[in-house]
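Enquirer: Just so you know, the protein sequences line up as chains A and B, in that order.
Residue 46 in this note's numbering sits at position 46 of the first sequence, and the numbers go up by one each step.
Residue 483 in this note's numbering sits at position 38 of the second sequence, and the numbers go up by one each step.
Quick reminder that beta carbons are idealized off the backbone N, C-alpha and C, glycines included.
Small disclaimer: the values here were computed from a predicted structure and weren't measured.
Protein chains: 2
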Amino acid sequence: MSTAEIIAVGSELLLGGRTETNSVFLAELLAEQGIQVRWKTVVGDSLDDVGDAVARAAARATIVFVTGGLGPTVDDVTREAVARATQKPLRLCPQAWRVIKTRMKLAGRVVSENQRRQAFLPEGAQRLRNAVGTAPGFFLKWKRAGVFCLPGVSHEARTMFNESVLPILQRARWLGAPAEIRTIHTFGLVEGEIDRRIGGIIPPDDPIRLGLLASALGVSVSLTWFPQKELRKRATSDDVAAKSHASLDDPGKKVDKIVSVLGDYVFATNGRGMEEVVGQSLRAQGLTIALAESCTGGLIGHRLTEVAGSSAYVDRGVVCYSNQSKIELLGVSSSVLKKYGAVSGPVAKAMAQGIRSRSGADVGLSVTGVAGPGGGTRSKPVGLVYVGLSTPRRSVTTAFRFHGDRKTIKLRASQAALNVLRRWLSNLPVEDRPVPRQADGQTGR
Amino acid sequence: MSTAEIIAVGSELLLGGRTETNSVFLAELLAEQGIQVRWKTVVGDSLDDVGDAVARAAARATIVFVTGGLGPTVDDVTREAVARATQKPLRLCPQAWRVIKTRMKLAGRVVSENQRRQAFLPEGAQRLRNAVGTAPGFFLKWKRAGVFCLPGVSHEARTMFNESVLPILQRARWLGAPAEIRTIHTFGLVEGEIDRRIGGIIPPDDPIRLGLLASALGVSVSLTWFPQKELRKRATSDDVAAKSHASLDDPGKKVDKIVSVLGDYVFATNGRGMEEVVGQSLRAQGLTIALAESCTGGLIGHRLTEVAGSSAYVDRGVVCYSNQSKIELLGVSSSVLKKYGAVSGPVAKAMAQGIRSRSGADVGLSVTGVAGPGGGTRSKPVGLVYVGLSTPRRSVTTAFRFHGDRKTIKLRASQAALNVLRRWLSNLPVEDRPVPRQADGQTGR
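This is the structure we're talking about:
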């Protein structure tokens, strides 16, 4: 299999506070093409550091990607660093220069001497057209490696990869069997519990790489593997042995097994969000929904309306922070508010019922809780959240106790509310427990 | 100045889809201590690759940080890779082993042979206590470098850095003058225009590193510099020359100059969000706000309520996707809806007025627009958004035309609405233009 190294150039990437994202999507695009990234390196805008990194990469990888450092300023050193490392002079590429001048003219701007720097490429390099920006990329062969230099601006690099890099990789026969990637999204189980449940399904030496990623939205289990040539070869030479081997090792079966042991905690696979899952379900069942949000402040409405076409099932929402607005907009009785307090099961239920009956929507969903950092008491601590669901048949409330800062508690509360809705839409039991519970999917692992 | 290299270990970091975040906060913590990260490397869980990376790093950096690969499974190779590279045998650290056993016992779990692997450290290495997880870190000196191995789990690495790494860096006198970082957040100017306005303030050879970061929330300008020892030295030897030099070169003055040329497009500095800025202003002026959101779907309410204490000024919000809900919840007249359409200036104004009068809040803010991808027409294309602001004195509407996908348009619309509110709160002119304009702050640079 071809191995690749990605070198990201930019002093700002070394200062902290900024994540380097080009190598992330490049690695993903490469995995889809069966090319495994084995090294990533980040260096600053220094001629020496970029040159060293490229020389080392070309000595160990089949394919080298350099992103960044192709702009017009003197800080942009990639062209010169590669030219020096490969001992080729920089030459003006007339075609690249023409494109830059045209582009600047169309934008009504004067072409500066700096802009001209971008048109210089190491001798013998192939220009890679930049369809969405001024700086061209370039490709050259050095030692036994192919070196691609792409702009640092993500959408320029992405466009150039698809338009110009892929055909070169194809011609050079550097492509392999694409990696298989499965992601399983769960809500309601902590990381350690997931670890325990799926323990042993993927042995340590398995080609499937298992990753658990905990966030406020739950724990995602990712499984990645490169199809193994050895297995496929064996299948042609010795069918019987291969079949028995395949039945034991079939990655798809292992994925199924994991999904099955995680049960109805799995809310989606392959990157779909909870809002898409419930949206699709509402649409399929021809139901409309109305929201009454207190501590989530509009987040559930925001998430549901992130999905294209959500106007078909999202009827309306109200954000009622004050008691007065709960009374006016939802018809929650002031005696219930007084008796149980705004953060309580009975108020969550009254909010869900109120928004449902006032809107005429099929389902009413409500949230009330203490997002913090202030406002917590001993009996109603920060993180206590009640979710109310009102449907034509019944109204239920579920209590949760979340941990984290204000943003995290809001996010978890929105996910918990949508998960209650998901379970009801899927005819799963909607938990109806009066006692707050730990359900935040994050552990100290 | 001490230079550092960060090596992140983990095959999952090379597969794409995942950003590597440990090096980001480590670089930030190190910058605060005056240590500049010069290289970052990511390698998979391979003995050879980790060993090679550590050897190379120790040869070129003063301080090396390795994160990840310290867990209990056979995939966790950092201990062995470092031991092999430094040619030291692995020895059981009885103290580390005791801590692991106690921790597992407290968690009610059985200690496995795998767990024991975590207690082995290269001979001569100093154990770094893990206050929040099982795997200890370790520190050793090799060649002329200090090598720190930290867990891959972020909050464990962060805690270990503060508790155990900092004291070692201090004792070894590896700390320097902390980096200065300023961030200026703007909305309403495209990247190219910002580039043009601030052009020349920071010359190419300036120690200040300038970065522009465009997002749906606007363009942020970041300025980072390490205080220069040379300048300070010169000040003692030749005061007059130093002063004239300092007046030209004072980074603080350059930051002020940039803020001044960007004018009232600057909405915040140093990481504050628009929701914090308007929240603080509402609170200071003792005003309450009510929201009427159509295409933003609750996002503005969500953002305002991300700020702690926002219940003091956020009265309520309604999300009114359907015409019917605009009539029922806001009192928008059906004739205005029929005459101008739901996405129009008059409807935005009626929505803002409606939510203000019905809620009794001081300010009403509304948004109506076409978020897409469907629903656009020639006269009302996807991305057309109207913001309405109703105040005790007057009601205004502003039209915007945004580009991007549904999520981006929602985010830009929420930012534009909050910016209209910010400008009114700061007594700046709130633009009141009937013609849609380009205001999305993103260019193809």
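1. Shortest alpha-carbon distance to isoleucine 100 of chain A belongs to which of A:Ala135, A:Ala125, A:Gln126, A:Thr86?
2. In whole angstroms, what is the alpha-carbon distance linking valine 24 of chain A and threonine 486 of chain B?
3. When you compare only the Cα positions, how much space is there between valine 812 of chain B and threonine 368 of chain A?
4. Can a CB atom of chain B be found closer than 8 Å to the CB of arginine 283 of chain A?
5. Under a Cβ-count criterion, where at least 16 other Cβ atoms within 10 Å of its own Cβ denotes burial, should asparagine 607 of chain B be classed as buried or exposed?
6. Could you pull the DSSP bridge partners for arginine 316 of chain A from this structure?
7. DSSP three-state call for glutamine 798 of chain B: helix, strand or coil?
8. Nearest to threonine 714 of chain B by CA position, among B:Gly799, B:Leu732, B:His630, is which residue?
9. Helix, strand or coil, according to DSSP, for alanine 96 of chain A in the structure here?
10. How big is the Cα-Cα spacing for leucine 47 of chain A and threonine 78 of chain A?
11. So, with DSSP's three-state summary, where would you put lysine 243 of chain A?
12. If you draw a straight line from the C-alpha of asparagine 864 of chain B to the C-alpha of valine 54 of chain A, how long is it?
13. Return no unless some Cβ of chain A is closer than 8 Å to the Cβ of threonine 518 of chain B.
14. Is serine 770 of chain B buried or exposed, if buried means 16 or more other CB atoms sit within 10 Å of its CB?
15. Spell out the partners DSSP gives threonine 224 of chain A in its beta bridges.
16. In terms of residue numbering, what span does the beta strand (DSSP E) encompassing glycine 582 of chain B cover?
17. Classify glutamine 36 of chain A as buried or exposed, calling it buried when 16 or more other Cβ atoms lie within 10 Å of its own Cβ.
18. Just to confirm the assignment: which complete alpha helix (DSSP H) runs, minimum length 4, are found wholly within the region 770-837 of chain B?
19. With 8 Å set as the bound, which would you pick, yes or no: does the beta-carbon of phenylalanine 470 of chain B sit closer than that to a beta-carbon of chain A?
20. I'd like the list of long-range same chain contacts for isoleucine 289 of chain A, defined as Cβ closer than 8 Å, with 5 residues on each side in sequence excluded.
21. Pull out every residue of the region 393-411 of chain A whose Cβ sits closer than 8 Å to any Cβ of chain B, in chain order.
22. If you draw a straight line from the alpha carbon of glycine 331 of chain A to that of glycine 298 of chain A, how long is it in whole angstroms?
23. Under three-state DSSP, which class holds glutamine 285 of chain A?
24. For arginine 868 of chain B, which residues in the same chain have their Cβ closer than 6 Å to its Cβ, ignoring the five residues on either side in sequence?
25. Below 7 Å CB to CB, which residues in the same chain sit around alanine 737 of chain B once its five sequence neighbours on both sides are set aside?
26. Using the three-state DSSP reduction, which class does leucine 693 of chain B fall into: helix, strand or coil?
27. Which bits of chain B does tryptophan 454 of chain A rub up against, with CB to CB less than 7 Å?
28. Cα separation between proline 649 of chain B and arginine 171 of chain A?
29. So phenylalanine 25 of chain A is in the alpha helix (DSSP H); what residue range does that whole segment cover?
30. Going residue by residue through the region 145-177 of chain A, where are the continuous beta strand (DSSP E) segments of at least 3 residues, counting only ones entirely within it?
31. Can you check whether the C-beta of threonine 604 of chain B is within less than 8 Å of a C-beta belonging to chain A?
32. Along the chain, where does the beta strand (DSSP E) containing arginine 846 of chain B start, and where does it finish?
33. Where valine 815 of chain B and threonine 183 of chain A are concerned, what is the direct C-alpha to C-alpha distance, given to the nearest angstrom?
34. With three or more beta-carbon pairs closer than 8 Å as the criterion, would you say the region 511-519 of chain B touches the region 588-606 of chain B?
35. Checking contacts by CB at 8 Å: is lysine 485 of chain B closer than that to chain A?
36. Exposed or buried, histidine 302 of chain A, counting other C-beta atoms within 10 Å across all chains shown (16 or more means buried)?
Expert: This is what the structure gives:
1. Indexing the first sequence from 1 puts residue 100 of chain A at position 100. Considering only A:Ala135, A:Ala125, A:Gln126, A:Thr86, the residue with the shortest C-alpha distance to isoleucine 100 of chain A is A:Ala135.
2. Along the first sequence, read from residue 1 onward, the residue named residue 24 of chain A stands at position 24. Along the second sequence, read from residue 1 onward, the residue named residue 486 of chain B stands at position 41. When rounded, the distance between both Cα atoms is 14 Å.
3. The residue given as residue 812 of chain B occupies position 367 in the second sequence. The residue given as residue 368 of chain A occupies position 368 in the first sequence. Straight through space, the alpha carbons of threonine 368 of chain A and valine 812 of chain B are spaced by roughly 25 Å.
4. Here residue 283 of chain A is taken as the residue at index 283 of the first sequence, counted from 1. By this cut-off, arginine 283 of chain A is not an interface position.
5. Indexing the second sequence from 1 puts residue 607 of chain B at position 162. Counting the other CB atoms within 10 Å of its CB gives asparagine 607 of chain B a total below 16, which places it among the exposed residues.
6. The count along the first sequence starts at 1 and reaches residue 316 of chain A at position 316. Answer is A:Ala290, B:Cys765, bridged to arginine 316 of chain A.
7. Within the second sequence, the letter at position 353 stands for residue 798 of chain B. It is helical.
8. Position 269 of the second sequence, counting from 1, holds the residue named residue 714 of chain B. Nearest C-alpha to threonine 714 of chain B: B:His630.
9. As a first step, residue 96 of chain A is located in the first sequence; it is residue number 96 there, counting from the start. DSSP, read as helix, strand or coil, puts alanine 96 of chain A in helix.
10. Residue 47 of chain A sits at position 47 when you count from the first residue of the first sequence. Residue 78 of chain A sits at position 78 when you count from the first residue of the first sequence. Just so you know, the alpha carbons of leucine 47 of chain A and threonine 78 of chain A end up roughly 7 Å apart.
11. In the first sequence, counting from the first residue as 1, residue 243 of chain A sits at position 243. The pLDDT assigned to lysine 243 of chain A is 47, lower than 50, so where the model puts this residue is not dependable, and the model offers no usable value.
12. Taking the first residue of the second sequence as 1, we reach residue 864 of chain B at position 419. Taking the first residue of the first sequence as 1, we reach residue 54 of chain A at position 54. Roughly 45 Å between the two C-alpha positions.
13. As a position in the second sequence, residue 518 of chain B is number 73, starting the count at 1. At least one chain A Cβ lies under 8 Å of threonine 518 of chain B.
14. In the second sequence, counting from the first residue as 1, residue 770 of chain B sits at position 325. It counts as buried.
15. Taking the first sequence and counting its residues from 1, one reaches residue 224 of chain A at position 224. Threonine 224 of chain A is bridged to A:Ile181, A:Arg209.
16. Taking the first residue of the second sequence as 1, we reach residue 582 of chain B at position 137. 582-587 is the span of the beta strand (DSSP E), which, as asked, contains glycine 582 of chain B.
17. Walking along the first sequence from the start, residue 36 of chain A turns up at place 36. Its Cβ being crowded by 16 or more others within 10 Å, glutamine 36 of chain A is buried.
18. Counting only runs of 4 or more residues that sit fully inside the region 770-837 of chain B, the alpha helix (DSSP H) segments are 779-785, 790-804, in chain order.
19. Position 25 of the second sequence, counting from 1, holds the residue named residue 470 of chain B. Put simply, the CB of phenylalanine 470 of chain B is near chain A, with a gap under 8 Å to one of its CB atoms.
20. One-based indexing of the first sequence puts residue 289 of chain A at position 289. Leu282, Leu304, Tyr313, Val314, Asp315, Ala361, Asp362, Val363, Gly364, Leu365, Leu421, listed in sequence order.
21. When CB distances to chain B are screened at a threshold of 8 Å, the residues of the region 393-411 of chain A falling below it are Arg406, Lys407, Lys410, in chain order.
22. Here residue 331 of chain A is taken as the residue at index 331 of the first sequence, counted from 1. Here residue 298 of chain A is taken as the residue at index 298 of the first sequence, counted from 1. Rounded to whole angstroms, glycine 331 of chain A to glycine 298 of chain A spans 19 Å at the Cα level.
23. As a first step, residue 285 of chain A must be located in the first sequence, where it is residue number 285. It is coil, neither helix nor strand.
24. Numbered from 1 along the second sequence, position 423 holds the residue referred to as residue 868 of chain B. Around arginine 868 of chain B: Val875.
25. Position 292 of the second sequence holds residue 737 of chain B. Closer than 7 Å at Cβ, skipping near neighbours: Val763, Cys765, Leu775, Met796, Ala797, Gly799, Ile800, Gly809, Ser811.
26. Position 248 of the second sequence, counted from the start, is the residue given in the question as residue 693 of chain B. Unreliable placement is indicated for leucine 693 of chain B, whose pLDDT of 45 sits below 50; the coordinate value is still reported in the next sentence. Helix, per DSSP.
27. Missing from the structure shown is residue 454 of chain A; chain A here goes from 1 to 445 and no further.
28. Here the question's residue 649 of chain B lines up with position 204 in the second sequence. Here the question's residue 171 of chain A lines up with position 171 in the first sequence. Separation of proline 649 of chain B and arginine 171 of chain A (C-alpha to C-alpha, rounded to the nearest whole angstrom) is 40 Å.
29. Sequence index remark: in the first sequence, residue 25 of chain A carries index 25 (1-based). Boundaries of the alpha helix (DSSP H) around phenylalanine 25 of chain A: 22-32.
30. You should have 145-150.
31. Taking the first residue of the second sequence as position 1, residue 604 of chain B is located at position 159. So no, threonine 604 of chain B is outside the interface.
32. The residue labelled residue 846 of chain B in the question sits at position 401 within the second sequence. Per DSSP, arginine 846 of chain B belongs to the beta strand (DSSP E) from 840-846.
33. As a first step, residue 815 of chain B must be located in the second sequence, where it is residue number 370. As a first step, residue 183 of chain A must be located in the first sequence, where it is residue number 183. Roughly 32 Å separates the two Cα atoms.
34. Taking 8 Å as the limit for Cβ pairs, the verdict is that the region 588-606 of chain B does touch the region 511-519 of chain B.
35. Counting from one through the second sequence, the residue named residue 485 of chain B turns up at place 40. At a cut-off of 8 Å, the C-beta of lysine 485 of chain B has a neighbouring C-beta in chain A.
36. For the purposes of this step, residue 302 of chain A is taken as residue 302 along the first sequence, with counting starting at 1. In summary, histidine 302 of chain A is buried, with 16 or more beta-carbon neighbours lying within 10 Å of its beta-carbon over all protein chains present.
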